[in-house]
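Undergrad:
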Amino acid sequence: MIKVGCCGFPTPMNKYFSFFDVVEVQKTFYDFPRIDSIKRWREKTDSINRDFEFIIKANQLITHPPSSPTYKKSKLKPKNSGFFRMVEEVTEALKKTVEIADILRCDKILFQTPPSFKHSSENIENMERFFTAMKNYGKFRIILELRGWKEAEILDALERLSSFSPVHCVDPFRSRQLSGEFQYFRLHGRYESNRIIYSYKYSNSELSSLKKLVKKGYVMFNNKYMLEDAMRFKEILNSD
2 MIKVGCCGFP TPMNKYFSFF DVVEVQKTFY DFPRIDSIKR WREKTDSINR
52 DFEFIIKANQ LITHPPSSPT YKKSKLKPKN SGFFRMVEEV TEALKKTVEI
102 ADILRCDKIL FQTPPSFKHS SENIENMERF FTAMKNYGKF RIILELRGWK
152 EAEILDALER LSSFSPVHCV DPFRSRQLSG EFQYFRLHGR YESNRIIYSY
202 KYSNSELSSL KKLVKKGYVM FNNKYMLEDA MRFKEILNSD
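Everything in the sequence shown is counted per the working numbering, starting at 2 for the first residue and increasing by one.
1. Which residue's Cα is closest to the Cα of residue 202: 226, 185, 188 and 166?
2. Which runs of the beta strand (DSSP E) spanning at least 3 residues fall entirely within the region 172 to 224, listed in chain order?
3. Closest to residue 64 by CA distance: which of 55, 115, 189 and 166 is it?
4. Within 10 angstroms of the Cβ of residue 247, are there 16 or more other Cβ atoms? Answer buried if so, exposed if not.
5. What's the call for residue 15, buried or exposed, on a 16-neighbour Cβ count within 10 Å?
6. Tell me residue 110's beta-bridge partners as DSSP assigns them.
7. Output needed for residue 220: all residues of its chain with C-beta closer than 6 Å, excluding positions within five of it in sequence on either side, in chain order.
8. Could you spell out the range, first to last residue, of the alpha helix (DSSP H) harbouring residue 91?
9. Tell me the residue span of the alpha helix (DSSP H) that contains residue 80.
10. In this structure, how does DSSP classify residue 4 when only helix, strand and coil are distinguished?
11. For residue 140 versus residue 108, is the C-beta distance shorter than 9 Å?
12. If you draw a straight line from the alpha carbon of residue 136 to that of residue 192, how long is it in whole angstroms?
13. What's the C-alpha gap between residue 143 and residue 181?
14. Go to residue 267, then tell me how far its alpha helix (DSSP H) extends in each direction, as first and last residue.
15. How would you label residue 94, buried or exposed, when you count the other beta carbons within 10 angstroms and need 16 or more for buried?
16. Among 199, 206 and 240, which residue has its Cα nearest to the Cα of residue 228?
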């Protein structure tokens, strides 16, 4: 099965739930939504599409240090966060993330690391400890987007984390997926050097090429035109 969706809600939720079968929740990265709001999301989806799937993007307190510019969009005021270190801020963020996941009946969590999270034994050991602790909260599929890492570095980390069966998240137009029982593609737009141009609209030719790349899993659009591109890609997927 191939599921197509967006990273966030580019249209009112009721419409989105009618168009798609999956969403990657972005609000959980920047802040922690109110629990009553999360419950309403699940209630809304159940009234429209009970099989609708939520995938959570893990909160930045887990992955990003206090110096990260992403906190400018957040009400969070971190002091000692990030890099999967088992400190109080990180463990509390894990508990809150799992609470939200349980309400949404979500069994997949995306962990996106910042460019400052470099390949090192210390960082990989931190991930090992973190994912070991995470097992105590339930069974979740771990999706990893290791930004800025070279293929050999990613392979090393995936091998050392193999007991957790991580799914390697990629943009298939830029790199190949190196692990995972299903594909998880995130499409951010066009790349110029190391800069992402989010205001990019994918051509029909590119979406047709994407159709050939995806076999089983998720295609999640995260560009400015995510709604239009995701809907066009669904049409292309369903065409002969």
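For glycine and all other residues, C-beta sits at the position ideal for the given N, C-alpha and C.
TA: This is what the structure gives:
1. 226
2. 184 to 188, 191 to 193, 196 to 198 and 218 to 222
3. Residue 64 has its Cα closest to that of 115, out of 55, 115, 189 and 166.
4. What the structure shows of the chain is the stretch from 2 to 241, and residue 247 is not part of that stretch, so it cannot be assessed.
5. exposed
6. 57 and 143
7. 5 and 186
8. 89 to 105
9. Looking at the DSSP string, residue 80 is not in any alpha helix (DSSP H), and its letter there is neither H nor E.
10. strand
11. yes
12. Cα to Cα, residue 136 sits roughly 36 Å from residue 192.
13. 9 Å
14. Given a span of 2 to 241 for the chain in the structure shown, any question on residue 267 remains unanswerable.
15. Buried.
16. 199
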